[in-house]
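Note sheet for the following structure.
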Amino acid sequence: MRGRPVLGFLAVAVVLAAVPWVQDALGVPVFYLVFLAGAMFWVAQATSWNILSGYSGYFSFGQAAFFGVGAYTTAVLMGRQKLDFFVTLPVAAVLAGGLALLVGWLAFRLRSLRGEIFALLTLAIPFIVAPIIRITPWIDGGQGVQVPVPAAARLVGGFQPFLYLVSAAIALLAVGVAYAIQHSRMGWGLFAIRDAEPVAEGLGVPTFRLKMLAIAATGAIGGLAGCVFALQVGFLTVEGVFGLTVPLFVIVMSVLGGRYHWLGPTLGAVVIFTLQNRLAAGGFEGLSLIVLGMVLVALVLLAPEGLMARIAVRPLAVIAASIATFAALAISSAWGTPLDWLAVAMVAGAAVSFLPVPRRRIAREVTRLMDDEPTVAAGEGDPGMAGLAPSGQASSGPIIEASDVARTFGGIQALRGVTLRVAEGELVGLVGPNGSGKTTLVNLVSGAYRPSAGTLRIAGSDVAGIPPHRVSHLGVARTYQIPRPFESMTVRDNVALAIMFGRAPLPLAAARRAALEHLDLVGLGHLAGARPSGINLHERQLLEMARALATRPRVLLLDEALAGLSPVEVDAAVRVVRRIHASGVTIVLVEHLLRVVNQLATRVVVLDQGRVLAQGAPGEVMRDPSVVAAYLGSAAADVAAGTPGANAEGLAAGA
Ligand code: ADP
Ligand code: MG
């Protein structure tokens, strides 16, 4: 299995390398070589953009900066320093990759920028880089830079074959890197970041490192493709390099093809480039931006998931429509050149693929395409022994040790002076009225938030300053009050991801097999192939538990995992919690239903207004007058708000 993709890439490389010689022998005009070189340039650009922006969802408008740095590196080193073209390639990759890392550091470390704010930052980068290049005399100086023909062009029969071969090599490199990333742990980490970044971080995904790797790959490959661009145009100007054309084209190409798949940008690049090339050749250059804009509008409104998934829904119809259109135009030969026919055939194929399809089928294809042919050989790792018991070395000290912990949000004191210990093997019920700070405590213990004061130790380590993914590796896992699954992955892969980045990581194929054990434990085995959007709330809550367990935690924080369930479902969930506890995992159970807490907990901690009001054995604590007062107050408030809480009932059962 593992050899196949490599062989595939080698075969494509041989075919691409053969093109110039075949073209010569068959007497095909050199124009086709120029066309192919152009297509290859865009394949490399779009694919490089997609590694960061498609896989991780961090939309970047900064492609022109990476590409421009690459182009100017080649131009300056060849044109002014008289260095060989091949020397400029690694320099360009390092400089553009370095710029990308700087942008990444600013965006991801200095501030945690997301969404539009990240896009805005990247938009600003070319605006800063361009004038620096323009006013620096030894780079551009406002006069442009002449790029000579590389010496090596003689060896392959001329400038055009040389340009084509270098473009093809860089495109192949880009696609190869995109393929390798998609099929690696890194790719799955990036997908998880795109779906729900804080959740991924909490499950042990080193999000900062993965984002930096992705942006570095985007920058370096974008820079390499820029080197070819410098050769192609022969004379660089700041205006010609730093416009909005490159960033807009790469976005439209990737979105059109499909951002979740390594081949998507290639497909989009070929279609858009062919269309644009034909419009320009027909004298409609001015139209090409209009067409591009309209394609983007249509995509955003009608088909945000792009062509790949839609073609996968009805491949035969799309291929038939394309071939029939091409054949009809070729046979009648009333109009145009073969490239014109190709462009029209592509439009016909795309039109067929955009005919209405049920959303669910497209979503299913997206999921299927994302995990095509796992490269991990069967039998790797040791899935059979994944086991459900925590892998942690039993230590005598408490697992959670909070001393005088406080947390404020602006003026709000969510927690004040909480001192609390949870020992290995306990099942602690954490109760308290709404707003008493339960979720805040879960967020602190899992590392998502930092304490404003006090110290918090997990398994003996102070968590101040430790990122959540490392807290996860210390042995803390949590679920969310409102389930937050990775929506683009199947139920099984949600769990497999947690295993891949957990405390006993396994490679993809082994993680997928081990995931089934965790799903069975919570009773979701039969839904392994479903998508999270297709299962009900109860099942989503159970998925939260299975995914948290898959990291092999020492302590599991369940934040109202039973909220909103029917009585039958509550009973089922109670059995699951018991089973998890019996397997050796310490549990902190945040729960509204006191009946459930009384059944399960070995100890109850009551929070009220950010303080520990009482703690001890369930029966005793519930009789504590201050607890009764706090609860009756809250029950009265619940009734007033029209949501009669179960508190009174639970209190009665506990008393
Ligand atoms: P519980 O889970 O017990 O219902 P929370 O821990 O969610 O309570 O909230 C405790 C208090 O802290 C509430 O007043 C809530 O509004 C506030 N709070 C919690 N998280 C934040 C936040 N991220 N920003 C501002 N206020 C918050
Ligand atoms: Mg809460």
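Sequential numbering from 7 applies to the sequence shown in this note's numbering.
Backbone N, C-alpha and C define an ideal beta-carbon position, used for all residues, glycine too.
Everything numeric in this text was worked out from a predicted model, so none of it was measured.
Near the ligand ADP: residue i beta-carbon under 7 Å from a heavy atom
i    : result
S458 : no
N500 : no
S452 : no
Whole-Å CB distance - residue i paired with residue j, under 8 Å assumed
i    : j    : result
A81  : A236 : 5 Å
V297 : L322 : Not really, about 27 Å apart at Cβ, beyond 8 Å.
V561 : T592 : 4 Å
G249 : G312 : Not confirmed; about 24 Å, so no contact.
A99  : L230 : 5 Å
L462 : T446 : Wrong, their Cβ atoms sit about 12 Å apart, outside the cutoff.
D565 : Y455 : That pair is no contact at about 13 Å.
Cα-Cα separation between residue i and residue j, rounded to whole angstroms
i    : j    : result
M551 : Q69  : 40 Å
G9   : G147 : 50 Å
V501 : P204 : 16 Å
N653 : L606 : Note that N653 scores 44 on pLDDT, short of 50, meaning its location in the model is unreliable and no value can be drawn from it.
L568 : G481 : 23 Å
L595 : I472 : 24 Å
A222 : L101 : 10 Å
W194 : T251 : 31 Å
L169 : Q238 : 7 Å
D410 : G460 : 5 Å
P404 : L563 : 15 Å
R191 : M506 : 7 Å
R484 : I57  : 29 Å
G288 : T79  : 34 Å
G14  : A304 : 34 Å
R366 : M376 : 15 Å
V324 : A357 : 8 Å
G240 : G246 : 11 Å
DSSP-derived helix/strand/coil call for residue i
i    : result
L421 : strand
T224 : helix
R609 : strand
R120 : coil
F67  : coil
L13  : helix
T446 : helix
R200 : helix
L22  : helix
L89  : coil
G557 : This sequence places Thr at residue 557; Gly is not what is there. The answer is coil: DSSP assigns T557 none of H, G, I, E or B.
F114 : helix
A483 : strand
I593 : strand
R427 : strand
Q149 : coil
D565 : strand
F241 : strand
S359 : helix
S632 : helix
S478 : helix
S467 : strand
Contact test: residue i Cβ vs the ligand MG heavy atom, cutoff 7 Å
i    : result
T485 : no
E597 : no
E550 : no
D565 : yes
First through last residue of the beta strand (DSSP E) which encompasses residue i
i    : result
F507 : Per DSSP, F507 belongs to no beta strand (DSSP E) and is neither H nor E.
E575 : Counting along the chain, E575 falls outside any beta strand (DSSP E), though it belongs to the alpha helix (DSSP H) covering P573 to A588.
R413 : I406 to F415
A620 : R617 to G622
R463 : A459 to I464
L209 : Per DSSP, L209 belongs to no beta strand (DSSP E) and is neither H nor E.
Below-8 Å beta-carbon distance, residue i vs any chain B residue
i   : result
A17 : Considering every chain present, this structure includes no chain B. It has just one protein chain.
Boundaries (first-last residue) of the alpha helix (DSSP H) holding residue i
i    : result
Q166 : F165 to Q188
T373 : R365 to M376
I57  : F37 to S59
V324 : P321 to S338
L525 : L514 to V528
V437 : Where V437 is concerned, there is no enclosing alpha helix (DSSP H), although the beta strand (DSSP E) it sits in stretches over L433 to V437.
I278 : G270 to A287
I257 : T251 to G263
M300 : E291 to L308
**Prompt:** Whose beta carbon lies closer than 6 Å to any heavy atom of the ligand MN, going through the chain in order?
**Reply:** Ligands present in the displayed structure are limited to the ligand ADP and the ligand MG, and the ligand MN is not among them.
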